[in-house]
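First comes the structure, then the notes that go with it.
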Amino acid sequence: MHELSIAQNIISIVQENLNQEQQHSVKCVKVKVGKLSNILVDSLIFGFEALTKETNLDGVVLEVENIPLTIRCKDCETLTSLDDYIFSCPACDSTAITLVSGTELMVSEIELND
Amino acid sequence: MSVLTVERKVLEKNDSIAAANRELLKSHHIFSINLVSSPGSGKTSLVEKTIEFCRDRIKMAVVEGDIQTDLDARRVDVLGIPVVQIVTHGACHLEAALVSDSIKQLPLPSVELMIIENVGNLVCPSGYDLGEDKKVVIVSTTEGDDKPLKYPAMFRNASVVIINKIDLAPYLNSSIAELEKNALSINPDLTVFKTSCTTGEGIESWCKWLESNITRK
């Protein structure tokens with residue numbers, strides 16, 4: 170249950186990126202959440218809504234882009250998107266792999282009403 | 005409609021404090037570990053055994069993280085090792101800022117090994133860098149051999165896994181070999197130790213590994 174603390178960090182980053190005129194015109198905040206980042210999206214949205222209530226961000230939508238877990242095999246270079254957390258190459262069984270995506274946890278964009 | 009491109013890591017503030025912690029520890033030539041596990045897997049018992057085994061050879065200090073009470077810090081204090089207790093009052097993980105405040109209270113010039121015992125939780129601490137050199141995950145036989153598969157991020161982010169309570173394995177339906185296999189399927193680069201804090205089995209090889217990482221001052 171660290172989603173509340175993550176939501177607070179997201180809000181701080183959003184506030185730091187807004188100038189005076191943009192304070193009350195935020196429509197949507199887009200975040201990227203990797204499959205391996207241990208975030209429960211519903212809890213994150215709940216936390217974001219609770220923490221922004223009666224602030225300049227009240228009603229702002231938190232849009233979550235789920236990033237799949239993908240690996241590249243160092244031996245045969247196959248790129249695979251993993252459904253299960255089995256960190257080996259399905260093409261050649263090698264465990265020499267690099268994580269290409271799935272650990273992301275970032276604020277990507279802020280959408281403003283004009 | 006206009007769009008502001010941000011592209012900033014949510015935990016960037018924590019990461020920058022962790023980097024400062026790492027720099028501070030490095031400047032004092034201190035090797036540091038972040039001990040993580042579920043509650044009751046034997047983190048504090050392992051800290052006690054490590055102190056008992058290494059105290060004549062390694063100068064240690066300990067940061068204890070708990071949701072409530074200073075029970076763990078008292079267990080370390082009794083052994084005469086410098087210790088700071090962090091009580092998170094409900095928070096499920098340690099953050100770099102809490103560790104930063106704590107390590108500054110310890111006698112860093114005379115420390116060679118800093119043990120940071122995290123809050124018992126296999127989920128939340130995995131994403132928070134504290135500035136440690138190595139993340140060490142403890143998993144005990146009583147938790148079942150499927151735990152690495154259920155909590156992959158923690159095992160993926162760790163460098164070392166300690167399979168603890170091996171003395172209890174004969175009485176359980178979990179297999180040490182299966183536990184090790186599952187951990188390595190998540191992270192084949194894990195260094196594996198098997199220990200019992202009751203019988204003392206395996207403590208020596210774990211302590212020798214620690215010693216091999218110490219920079220002599």
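Same order as they appear, the protein sequences are chains P and B.
Basically our numbering = 1-based index in the first sequence + 169.
Basically our numbering = 1-based index in the second sequence + 4.
Idealized CB from N, CA, C, for every residue including glycine.
Backbone secondary structure at residue i - three-state DSSP
| i | result |
| --- | --- |
| residue 258 of chain P | coil |
| residue 12 of chain B | strand |
| residue 6 of chain B | strand |
| residue 138 of chain B | strand |
| residue 208 of chain P | coil |
| residue 21 of chain B | helix |
| residue 144 of chain B | strand |
| residue 125 of chain B | coil |
| residue 105 of chain B | helix |
| residue 4 of chain B | Absent from the structure is residue 4 of chain B, since the part of chain B shown begins at 5 and ends at 221. |
| residue 218 of chain B | coil |
| residue 152 of chain B | helix |
| residue 189 of chain B | helix |
| residue 223 of chain P | coil |
| residue 54 of chain B | helix |
| residue 188 of chain P | coil |
| residue 205 of chain B | coil |
| residue 264 of chain P | coil |
For residue i, the nearest candidate out of the options (CA to CA)
| i | options | result |
| --- | --- | --- |
| residue 23 of chain B | B/136, B/124, B/80 and B/68 | B/136 |
| residue 32 of chain B | B/112, B/11 and B/51 | B/112 |
| residue 146 of chain B | B/45, B/11 and B/93 | B/45 |
| residue 52 of chain B | B/90, B/66, B/131 and B/126 | B/66 |
| residue 257 of chain P | B/19, B/78, B/123 and B/188 | B/188 |
| residue 125 of chain B | B/116, B/108, B/158 and B/149 | B/158 |
| residue 237 of chain P | P/243, P/254, P/222 and P/245 | P/254 |
| residue 132 of chain B | B/10, B/16, B/8 and B/11 | B/16 |
| residue 170 of chain B | B/154, B/118, B/204 and B/58 | B/204 |
| residue 101 of chain B | B/20, B/195 and B/217 | B/20 |
| residue 196 of chain B | B/172, B/144, B/202 and B/148 | B/144 |
| residue 177 of chain P | P/212, P/262, P/272 and P/188 | P/212 |
| residue 194 of chain B | B/58, B/57, B/72 and B/164 | B/164 |
| residue 91 of chain B | B/78, B/82, B/83 and B/84 | B/78 |
| residue 251 of chain P | B/162, B/156 and B/215 | B/156 |
| residue 208 of chain B | B/142, B/55 and B/48 | B/55 |
| residue 272 of chain P | B/117, B/217 and B/160 | B/160 |
| residue 76 of chain B | B/59, B/30, B/49 and B/93 | B/49 |
| residue 227 of chain P | P/240, P/186, P/188 and P/198 | P/198 |
| residue 47 of chain B | B/191, B/220 and B/166 | B/166 |
| residue 202 of chain B | B/168, B/10, B/7 and B/43 | B/168 |
| residue 259 of chain P | P/267, P/268 and P/249 | P/249 |
| residue 154 of chain B | B/36, B/5, B/42 and B/10 | B/42 |
| residue 217 of chain B | B/8, B/10 and B/58 | B/58 |
| residue 276 of chain P | B/199, B/5, B/11 and B/213 | B/11 |
Listed by chain order, chain C residues near residue i by CB distance under 8 Å
| i | result |
| --- | --- |
| residue 277 of chain P | No chain C is part of this structure, whose protein chains are labelled P and B. |
Beta bridge counterpart(s) of residue i as assigned by DSSP
| i | result |
| --- | --- |
| residue 239 of chain P | P/250 and P/270 |
| residue 159 of chain B | The partner list for residue 159 of chain B (beta bridge, DSSP) is empty, contrary to what the question assumes. |
| residue 197 of chain P | P/230 and P/280 |
| residue 195 of chain B | B/164 |
| residue 202 of chain P | P/235 and P/274 |
| residue 37 of chain B | B/119 and B/138 |
Contact set for residue i: own chain, Cβ-Cβ below 7 Å, skip 5 residues either direction
| i | result |
| --- | --- |
| residue 282 of chain P | 194 and 196 |
| residue 134 of chain B | 22, 25, 38, 98, 100, 103 and 120 |
| residue 191 of chain P | 281 |
| residue 139 of chain B | 38, 40, 161, 162 and 163 |
| residue 128 of chain B | 96 and 97 |
Cβ-heavy atom distance, residue i to the ligand MG, below 7 Å
| i | result |
| --- | --- |
| residue 184 of chain B | Absence of the ligand MG from the depicted structure is noted, as is the absence of any ligand whatsoever, leaving it without description. |
Same chain, Cβ closer than 8 Å to residue i, five either side skipped, listed in chain order
| i | result |
| --- | --- |
| residue 208 of chain P | 172, 175, 202 and 274 |
| residue 109 of chain B | 88 |
| residue 115 of chain B | 32, 34, 63, 64, 65 and 86 |
| residue 261 of chain P | 242, 244, 245 and 247 |
| residue 95 of chain B | 71 and 123 |
| residue 220 of chain P | 173, 176, 177 and 180 |
| residue 267 of chain P | 240, 241 and 243 |
Neighbourhood of residue i by C-beta, 6 Å cutoff - its chain only, sequence neighbours within 5 removed
| i | result |
| --- | --- |
| residue 13 of chain B | none |
| residue 28 of chain B | none |
| residue 80 of chain B | 66 and 87 |
| residue 176 of chain B | 145 |
* Asked: Residue ranges of each beta strand (DSSP E) run of no fewer than 3 residues wholly in the stretch 58 to 103 of chain B, ordered along the chain?
  -> 64 to 70 and 87 to 91
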